[in-house]
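Student:
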Amino acid sequence: MGFFVRFWGVRGSIPTPGPRTRRYGGNTSCIELRSDSTVLIFDAGTGLRELGVSLLRNPPREGLDLHLFLSHPHWDHIQGFPFFGPAYLPTTTLTVYGSEKNENYQLLSGQMSNAYFPVAFKDLSARIVPKAFKKDVVEAGDFVVRRFEQKHPGGSSGFRVEHGGRACVYATDSELDQLLADQQQPVKSPRMLRRLPAPLVNAVKDADLLIADAQYTDEEYPTKVGWGHARANTVVDLAIQAGVRQLALTHHDPMHSDRDVDAKVLTAADRARTVGAELEIFGAREGVTLRLDRD
Amino acid sequence: MASRRTQTIDDDSPQTAMTKLPANFKPRPRRAHVLDQTAGPGSPKRHELSDDTLVIGRGSAADLRLDSDDVSRTHAQLLRVDDEYSIEDLDSRNGIFLNGLQVHAAVLRDGDQVQLGDVVFIYSEGS
């Protein structure tokens, strides 16, 4: 019955190791959602390598049965895959979800062409199986995963994951400001709630946890328009409109130090307080596990 | 600047290459990871961590015992992997709060505040 969420990579764009990012972490996107019997993986950024190391410490005798979902195939969401230890074991089954065109499967294999990496995709020992969403819904073990479109150059997917009456939404690489009816509103009336489209609000509705791209601050965003990422205050407004319980800000900018992320979290919390919302906000941090099936 | 000299290996020289380390090079001494208890019964108290696993709780089976009714008998476990300590909730009644956020588990970092009931620790990373 357990519903656990672990952050393995929370950095956006490029791995950023070093003392400035030690606390929140420098690995790119990778999140593990786990029940007592199923392991889902969202994105295959460099955090995936460490997840693989962890999975191989105590592998089940019958082998690992893993489910991989990719928000989109930009580097920081697939770069860890060639270094994912379980993919090299014949006892592993890895189901890779995508559309019926299997484009995610093909892109994962494409990045392992000989020009980029010494081991070919076909030489991986694991049983790697593509599986398509049907009408944007799929069952993976004892989870139900719903996919929704996001605003990002080249497109990206958000995922609503449900298990045991609880819901977690993973929504990274989404430029929310480009979805606003009035994109000048944050400048003209910065304190007014930024209204987002109903289909997006419904996809996030009443989530126990929203893990969302919040790469920029309000001050940084004007020079990053069109880059495909959200500013933290607009994410807060989405969470408020959707009645979310907890909001994890993720996809931290590679230029942001741990102190910068702290400041971004404080600013986001101020915004939630301004509109009187009961919303817990924190910065996603590598190595932290939350449990969603408990109050 | 490190200096390094390597002998050419041929039939007349010993089959060992000579490598010179930088002057004064030596492995750094280990420094213990530490939990400083700053609030709750028994504080202040410093706990230097050396075991690979350590149960924190109120009960007699705990390795690090806390005399507080807010703390479960076996409340949390510290686990060292690759010389990093993680803390994990052992189904405790009041949970674990990391810098104010309730977590099931977390890899600890220097300066983290860890709260179990009314007991507060500050974690200092060793090396």
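Protein sequence lines correspond, in order, to chains A and B.
Heads up: the first sequence runs through residues 1418 to 1712, numbered per the working numbering.
Heads up: the second sequence runs through residues 3 to 129, numbered per the working numbering.
The beta-carbon is built from N, C-alpha and C at its ideal position, and this holds for glycine as well.
The model shown is predicted, which means the values in this text are computed figures rather than measured ones.
#1: Taking 7 Å as the limit between beta carbons, can you name the residues of its chain near valine 73 of chain B, skipping five residues before and five after?
#2: Would you kindly work out how many angstroms separate the C-alpha atoms of histidine 1484 of chain A and glutamate 1579 of chain A, rounded to a whole number?
#3: Compare the C-beta of alanine 64 of chain B with all C-beta atoms of chain A and state if any pair is closer than 8 Å.
#4: Cβ of cysteine 1447 of chain A within 8 Å of Cβ of leucine 1468 of chain A?
#5: Using a C-beta cutoff of 8 Å, does arginine 6 of chain B count as contacting chain A?
#6: Would you say glycine 1497 of chain A and glycine 1462 of chain A are within 8 Å of each other, going by their C-beta atoms?
#7: Along the segment 93-109 of chain B, what residues have a CB closer than 9 Å to any CB found in chain A?
#8: Quick check on the burial criterion: 16 or more other C-beta atoms within 10 angstroms. Buried or exposed for alanine 34 of chain B?
#9: For valine 1705 of chain A and methionine 20 of chain B, what's the separation of their Cα atoms in angstroms?
#10: I'd like to check one pair, aspartate 54 of chain B with arginine 82 of chain B: are the Cβ atoms closer than 8 Å?
#11: Rounded to whole angstroms, what is the Cα-Cα separation between serine 5 of chain B and arginine 30 of chain B?
#12: At what residue ranges does the segment 1573-1638 of chain A contain a whole run of the beta strand (DSSP E), taking only runs of 3 or more?
#13: Using the beta-carbon count (16 or more within 10 Å), is leucine 1683 of chain A buried or exposed?
#14: Let me see if you follow: with CB-CB separation under 8 Å, is arginine 1583 of chain A close to chain B or not?
#15: Opposite threonine 1706 of chain A in the DSSP bridges: which residues?
#16: Name, in chain order, the residues that DSSP records as bridge partners for proline 1547 of chain A.
#17: Where do the N-terminal and C-terminal ends of the alpha helix (DSSP H) with isoleucine 1657 of chain A fall, by residue?
#18: Tell me whether the beta-carbon of serine 126 of chain B lies closer than 8 Å to the beta-carbon of aspartate 112 of chain B.
#19: Could you give the first and the last residue of the continuous alpha helix (DSSP H) run that contains threonine 1433 of chain A?
#20: Find the residues of chain B that neighbour phenylalanine 1421 of chain A, judging by a C-beta separation of less than 9 Å, and give them in chain order.
#21: Could you give the C-beta distance for leucine 103 of chain B and isoleucine 89 of chain B, rounded to a whole number, given that I count them as a contact under 8 Å?
#22: Write down the C-beta distance between aspartate 1623 of chain A and alanine 1584 of chain A rounded to the nearest angstrom, noting that I regard them as a contact closer than 8 Å.
#23: Residue range of the alpha helix (DSSP H) that aspartate 1675 of chain A falls in?
#24: Mapping DSSP to helix, strand and coil, what is glutamate 90 of chain B?
#25: Specify the secondary structure class of lysine 1568 of chain A as computed by DSSP and reduced to three states.
#26: Give me the subset of the segment 21-33 of chain B whose CB atoms are less than 7 Å from a CB atom of chain A, sorted by chain position.
#27: Below 8 Å on the Cβ atoms is my guess for glycine 1429 of chain A versus aspartate 1670 of chain A; work out the distance and round it to an integer in Å.
#28: Counting only beta-carbon separations shorter than 8 Å, does leucine 1707 of chain A have a partner in chain B?
#29: If I measure Cβ to Cβ from alanine 1537 of chain A and keep anything under 7 Å in the same chain, skipping five residues before and after, which residues do I get?
#30: Go ahead and label threonine 8 of chain B buried or exposed: buried means 16 or more other beta carbons lie within 10 angstroms of its beta carbon, across all protein chains shown.
#31: Counting along the chain, where does the alpha helix (DSSP H) carrying tyrosine 1522 of chain A start and finish?
#32: Consider the Cβ of arginine 1676 of chain A: report whether some Cβ of chain B lies at a distance smaller than 8 Å.
#33: Please report how far the alpha carbon of leucine 1666 of chain A lies from the alpha carbon of serine 1471 of chain A, in whole angstroms.
#34: Please classify alanine 1629 of chain A as buried or exposed, where buried requires at least 16 other C-beta atoms within 10 Å of its C-beta.
#35: Return the first residue and the last residue of the beta strand (DSSP E) that serine 1471 of chain A is part of.
#36: Can you name, in chain order, every residue of its own chain whose Cβ lies under 8 Å from the Cβ of aspartate 1594 of chain A, other than the five neighbours on each side?
Tutor: Short version:
#1: Within the second sequence, the letter at position 71 stands for residue 73 of chain B. Gly59, Arg60, Leu118, Gly119, Val121.
#2: Here residue 1484 of chain A corresponds to residue number 67 of the first sequence, with the count starting at 1. Here residue 1579 of chain A corresponds to residue number 162 of the first sequence, with the count starting at 1. Roughly 15 Å separates the two Cα atoms.
#3: Taking the first residue of the second sequence as position 1, residue 64 of chain B is located at position 62. For alanine 64 of chain B, the answer is no, since every Cβ of chain A falls outside 8 Å of its Cβ.
#4: The residue labelled residue 1447 of chain A in the question sits at position 30 within the first sequence. The residue labelled residue 1468 of chain A in the question sits at position 51 within the first sequence. Yes. Within cutoff.
#5: Locating residue 6 of chain B in the second sequence gives position 4, where the first residue counts as 1. In this prediction, arginine 6 of chain B has a pLDDT of 45, which is less than 50 and means its spatial position is unreliable; what the coordinates show is noted afterwards. Cβ-Cβ to chain A under 8 Å: no for arginine 6 of chain B.
#6: Residue 1497 of chain A sits at position 80 when you count from the first residue of the first sequence. Residue 1462 of chain A sits at position 45 when you count from the first residue of the first sequence. Result yes, Cβ atoms of glycine 1497 of chain A and glycine 1462 of chain A sit closer than 8 Å.
#7: Gly97, Leu100, Asn101, Gly102, Leu103, Gln104, Val105, His106, Ala107, Ala108, Val109
#8: If you number the second sequence from 1, residue 34 of chain B lands on position 32. Exposed is the call here.
#9: Looking up residue 1705 of chain A in the first sequence gives position 288. Looking up residue 20 of chain B in the second sequence gives position 18. One C-alpha to the other measures close to 46 Å.
#10: The residue labelled residue 82 of chain B in the question sits at position 80 within the second sequence. The residue labelled residue 54 of chain B in the question sits at position 52 within the second sequence. The answer is yes: Cβ separation under 8 Å.
#11: Start at 1 with the first residue of the second sequence, and residue 5 of chain B comes out as number 3. Start at 1 with the first residue of the second sequence, and residue 30 of chain B comes out as number 28. Here the model assigns serine 5 of chain B a pLDDT of 43, short of 50, so the residue's position is not dependable, and the following value carries that caveat. Going from the Cα of serine 5 of chain B to the Cα of arginine 30 of chain B covers about 20 Å.
#12: 1573-1580, 1583-1588, 1626-1630
#13: Residue numbering aside, residue 1683 of chain A sits at position 266 when the first sequence is read from its first letter. Burial call: exposed.
#14: If you number the first sequence from 1, residue 1583 of chain A lands on position 166. No - not a single Cβ of chain B is within 8 Å of the one on arginine 1583 of chain A.
#15: Locating residue 1706 of chain A in the first sequence gives position 289, where the first residue counts as 1. According to DSSP, threonine 1706 of chain A bridges with A:Arg1423, B:Ala107.
#16: Here residue 1547 of chain A refers to the residue found at position 130 when the first sequence is read from its first residue. Per DSSP, A:Val1513.
#17: Position 240 of the first sequence, counting from 1, holds the residue named residue 1657 of chain A. It spans 1649-1659 - the alpha helix (DSSP H) in which isoleucine 1657 of chain A sits, taken as one unbroken run.
#18: Sequence index remark: in the second sequence, residue 126 of chain B carries index 124 (1-based). Sequence index remark: in the second sequence, residue 112 of chain B carries index 110 (1-based). Yes, these two residues count as a Cβ contact at 8 Å.
#19: Within the first sequence, the letter at position 16 stands for residue 1433 of chain A. Where threonine 1433 of chain A is concerned, there is no enclosing alpha helix (DSSP H), given that its DSSP letter is neither H nor E.
#20: By 1-based counting over the first sequence, the position of residue 1421 of chain A is 4. In chain order: His106, Ala107.
#21: Here the question's residue 103 of chain B lines up with position 101 in the second sequence. Here the question's residue 89 of chain B lines up with position 87 in the second sequence. The Cβ separation is near 13 Å, so there is no contact.
#22: Numbered from 1 along the first sequence, position 206 holds the residue referred to as residue 1623 of chain A. Numbered from 1 along the first sequence, position 167 holds the residue referred to as residue 1584 of chain A. Aspartate 1623 of chain A to alanine 1584 of chain A, Cβ: 7 Å. Contact.
#23: Mapped onto the first sequence, residue 1675 of chain A falls at position 258. Per DSSP, aspartate 1675 of chain A belongs to the alpha helix (DSSP H) from 1675-1691.
#24: Locating residue 90 of chain B in the second sequence gives position 88, where the first residue counts as 1. Here glutamate 90 of chain B sits in strand by DSSP.
#25: The residue labelled residue 1568 of chain A in the question sits at position 151 within the first sequence. DSSP places lysine 1568 of chain A in coil when its eight states are reduced to three.
#26: none
#27: By 1-based counting over the first sequence, the position of residue 1429 of chain A is 12. By 1-based counting over the first sequence, the position of residue 1670 of chain A is 253. Confirmed, about 6 Å.
#28: In the first sequence, counting from the first residue as 1, residue 1707 of chain A sits at position 290. Chain B contact via Cβ: present.
#29: Reading the first sequence from its first residue, position 120 is the one you call residue 1537 of chain A. Cβ within range, chain order: Met1529, Asn1531.
#30: Here residue 8 of chain B corresponds to residue number 6 of the second sequence, with the count starting at 1. Residue placement at threonine 8 of chain B is poorly supported in this model, since its pLDDT is 44, which falls under 50; the coordinates are not used for a value here.
#31: Counting from one through the first sequence, the residue named residue 1522 of chain A turns up at place 105. First-last of the alpha helix (DSSP H) with tyrosine 1522 of chain A: 1520-1527.
#32: Locating residue 1676 of chain A in the first sequence gives position 259, counting from the first residue. No, no contact with chain B.
#33: For this step, residue 1666 of chain A is matched to residue 249 along the first sequence. For this step, residue 1471 of chain A is matched to residue 54 along the first sequence. Cα-Cα distance, rounded: 24 Å.
#34: Against the first sequence, residue 1629 of chain A aligns to sequence position 212. Per the 10 Å Cβ criterion, buried.
#35: For the purposes of this step, residue 1471 of chain A is identified with residue 54 of the first sequence, where counting begins at 1. First-last for serine 1471 of chain A: 1464-1472, but that is the alpha helix (DSSP H), not the beta strand (DSSP E).
#36: As a position in the first sequence, residue 1594 of chain A is number 177, starting the count at 1. Within the same chain, aspartate 1594 of chain A has close Cβ partners Gln1600, Pro1603, Arg1611, Tyr1638, Val1642, Ala1647, Arg1648, Thr1651.
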